[in-house]
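Undergrad: Pasting a structure here, questions to come.
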Amino acid sequence: MSDFPLPPGAAIGVIGGGQLGRMLALAASRLGFDSVFLEPEPDSPASRVARHTIVAAYDDPEALKALAAIASVVTFEFENVPASAVAQLAAMGIEVAPGPLALATAQDRVAEKTFLNANGAPTVAFAAADSAETAVDAVTRIGAPCLMKTRREGYDGKGQRWVEHAHDAAAAFEALGGVPVIVEAAADFVRELSVIAARGRDGATAVYPLAENHHEHGILRRSVAPARVTPAMADQAERIAARILSGLDYVGVIGIELFEMADGSLLVNEFAPRVHNSGHWTQDGCGVDQFEQHIRAVAGWPLGSTTAVAQVEMLNLLGDEIDAWPRYAAEPETRLHLYGKRDAKPGRKMGHINRVRPL
Ligand code: AMP
Numbered sequence: 169m170s171d172f173p174l175p176p177g178a179a180i181g182v183i184g185g186g187q188l189g190r191m192l193a194l195a196a197s198r199l200g201f202d203s204v205f206l207e208p209e210p211d212s213p214a215s216r217v218a219r220h221t222i223v224a225a226y227d228d229p230e231a232l233k234a235l236a237a238i239a240s241v242v243t244f245e246f247e248n249v250p251a252s253a254v255a256q257l258a259a260m261g262i263e264v265a266p267g268p269l270a271l272a273t274a275q276d277r278v279a280e281k282t283f284l285n286a287n288g289a290p291t292v293a294f295a296a297a298d299s300a301e302t303a304v305d306a307v308t309r310i311g312a313p314c315l316m317k318t319r320r321e322g323y324d325g326k327g328q329r330w331v332e333h334a335h336d337a338a339a340a341f342e343a344l345g346g347v348p349v350i351v352e353a354a355a356d357f358v359r360e361l362s363v364i365a366a367r368g369r370d371g372a373t374a375v376y377p378l379a380e381n382h383h384e385h386g387i388l389r390r391s392v393a394p395a396r397v398t399p400a401m402a403d404q405a406e407r408i409a410a411r412i413l414s415g416l417d418y419v420g421v422i423g424i425e426l427f428e429m430a431d432g433s434l435l436v437n438e439f440a441p442r443v444h445n446s447g448h449w450t451q452d453g454c455g456v457d458q459f460e461q462h463i464r465a466v467a468g469w470p471l472g473s474t475t476a477v478a479q480v481e482m483l484n485l486l487g488d489e490i491d492a493w494p495r496y497a498a499e500p501e502t503r504l505h506l507y508g509k510r511d512a513k514p515g516r517k518m519g520h521i522n523r524v525r526p527l
């Protein structure tokens, strides 16, 4: 077991070597930490800025042993980390933060919404189904139109379908692969917002100002932050974040996606137990960004300030939009964050820019 706070010079283990891992490594290095990644893809974005990368499957026992031998604590950049990997690390005395409860809850949309409602964080009405017949029942109960999503492993709008009529429910269930699903009532939201928050090892919490998010084809395109919200709405978001963090006995940064309803109430869509794309604005809009905040939390350091120091518009650069980098590099108000990915496949997140203005 490591002693916390970890001193500079310690190694932080990260499962997953994509752009979020890369930005975690950059933040860790600023605080004097080394980072070591476990990632099956060679030449990953994180591996090119990390001290060391173990190239192996996330649940490879030998690789996990090697990770445990180097890292003082282990965290992750995506929520589908196999539970067996976390259990093996724990058995070797290596703490994984956020912990297994946060992971298990985030990995299953039914467990997640059940947890949220039980902890005073409201969501749309939902029902679970695991067969074509129960899917029809669920859609009838929730009322069409509604959204059917796979319980597990959906992201960026993948693994979900709108169901317009109850008689389409069985076909939607089959089209999603015949796997267990959640049926969600349609949220008639006026805006999509998100809140990035953190909880330290001492239970202290820190909440960033809300971001307003715009999606295209299920992928985040643009965030504007701090979002224009009433103090009452900011309070509501803070309360929701605090309930989720304490309910999960959480350590680290969390991203919570919200629907703003016409009556001013907030519903939680989902949370990600990790740093989040809609929190990239904090890199240029706050004293301590979400990546450093996460490293601070898992290392047992005090949390940093979440106060906004600038207004930021964050734009994701997808696929060949990255080719416009010379234009962005020439804009005085623009900060580039490029991920070093070799292959600009359509829709792939290649980088983002933060356009920064005074508050
Ligand atoms: P998710 O994969 O759950 O984050 O959903 C991706 C996007 O689908 C969200 O950002 C919303 O734009 C939309 N969405 C998800 N759930 C609902 C819902 N229950 N009602 C309306 N829109 C939704």
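To convert, take the position in the sequence shown, counting from 1, and add 168; that gives this note's numbering.
We put the beta carbon where it would ideally sit given N, CA and C, even for glycine.
Since the structure is predicted, the reported quantities are computational estimates derived from the model, not experimental observations.
#1: So, helix, strand or coil for residue 201, using DSSP?
#2: Could you tell me the alpha carbon to alpha carbon distance between residue 377 and residue 258, rounded to whole angstroms?
#3: Are three or more beta carbon pairs between the stretch 436-456 and the stretch 277-291 nearer than 8 Å?
#4: Under a Cβ-count criterion, where at least 16 other Cβ atoms within 10 Å of its own Cβ denotes burial, should residue 323 be classed as buried or exposed?
#5: Taking the alpha-carbon positions, what's the residue 366 to residue 518 distance?
#6: Tell me the DSSP secondary structure of residue 335 in three-state form.
#7: Can you tell me which of the three DSSP states residue 481 falls into?
#8: Would you say residue 292 touches the ligand AMP, meaning its beta carbon is less than 7 Å from a heavy atom?
#9: Do you know whose CA, among 501, 335, 521, lies nearest residue 445's CA?
#10: Tell me, which residues are paired with residue 435 by DSSP?
#11: Say the cut is 7 Å; is the CB of residue 437 nearer than that to a heavy atom of the ligand AMP?
#12: Measure the CB-CB distance between residue 380 and residue 395 and report whether it falls below 8 Å.
#13: For residue 216, does the count of other Cβ atoms within 10 angstroms reach 16, so buried, or fall short, so exposed?
#14: Any idea if residue 200 is buried or exposed, counting beta-carbon neighbours within 10 angstroms, 16 or more meaning buried?
#15: Residue range of the alpha helix (DSSP H) that residue 503 falls in?
#16: Please return the same chain residues whose Cβ sits closer than 7 Å to the Cβ of residue 452, not counting the five positions on each side in sequence.
#17: Would you list the residues sitting across from residue 180 in a DSSP beta bridge?
#18: For residue 471 and residue 485, I'd like the C-alpha separation in whole angstroms.
#19: In this structure, what does DSSP give as the bridge partners for residue 317?
#20: Do you know whose CA, among 248, 246, 268, lies nearest residue 256's CA?
#21: Note down the Cα distance separating residue 428 from residue 230, rounded to an integer number of angstroms.
TA: With the structure as the only source:
#1: Three-state result, residue 201: coil.
#2: Between the alpha carbons of residue 377 and residue 258 lies a gap of roughly 34 Å.
#3: In short, these stretches touch, since the Cβ pair count reaches three.
#4: Residue burial annotation: residue 323 is exposed, with fewer than 16 other C-beta atoms found within 10 angstroms of its C-beta.
#5: If I take the Cα positions, the gap works out to 26 Å.
#6: It is helical.
#7: In the structure shown, residue 481 sits in a strand (DSSP, three-state: E or B).
#8: Within the cutoff, so yes.
#9: Cα-wise, what sits closest to residue 445 is 521.
#10: DSSP lists 427 as partners of residue 435.
#11: Because some heavy atom of the ligand AMP lies under 7 Å away, the Cβ of residue 437 counts as near it: yes.
#12: In this structure, residue 380 places its C-beta atom within 8 Å of the C-beta atom of residue 395.
#13: That one is exposed.
#14: Residue burial annotation: residue 200 is exposed, with fewer than 16 other C-beta atoms found within 10 angstroms of its C-beta.
#15: Looking at the DSSP string, residue 503 is not in any alpha helix (DSSP H); the run it does join, the beta strand (DSSP E), is 502-506.
#16: Scanning its chain for C-beta atoms nearer than 7 Å, with the 5 sequence neighbours on each side dropped, one finds around residue 452 the residues 478, 480, 503, 522, 524, in chain order.
#17: DSSP lists 203, 241 as partners of residue 180.
#18: Taking the CA atoms as reference points, residue 471 sits about 30 Å from residue 485.
#19: Residue 317 is bridged by DSSP to 328, 350.
#20: Of the candidates 248, 246, 268, the one whose C-alpha sits nearest the C-alpha of residue 256 is 268.
#21: About 46 Å.
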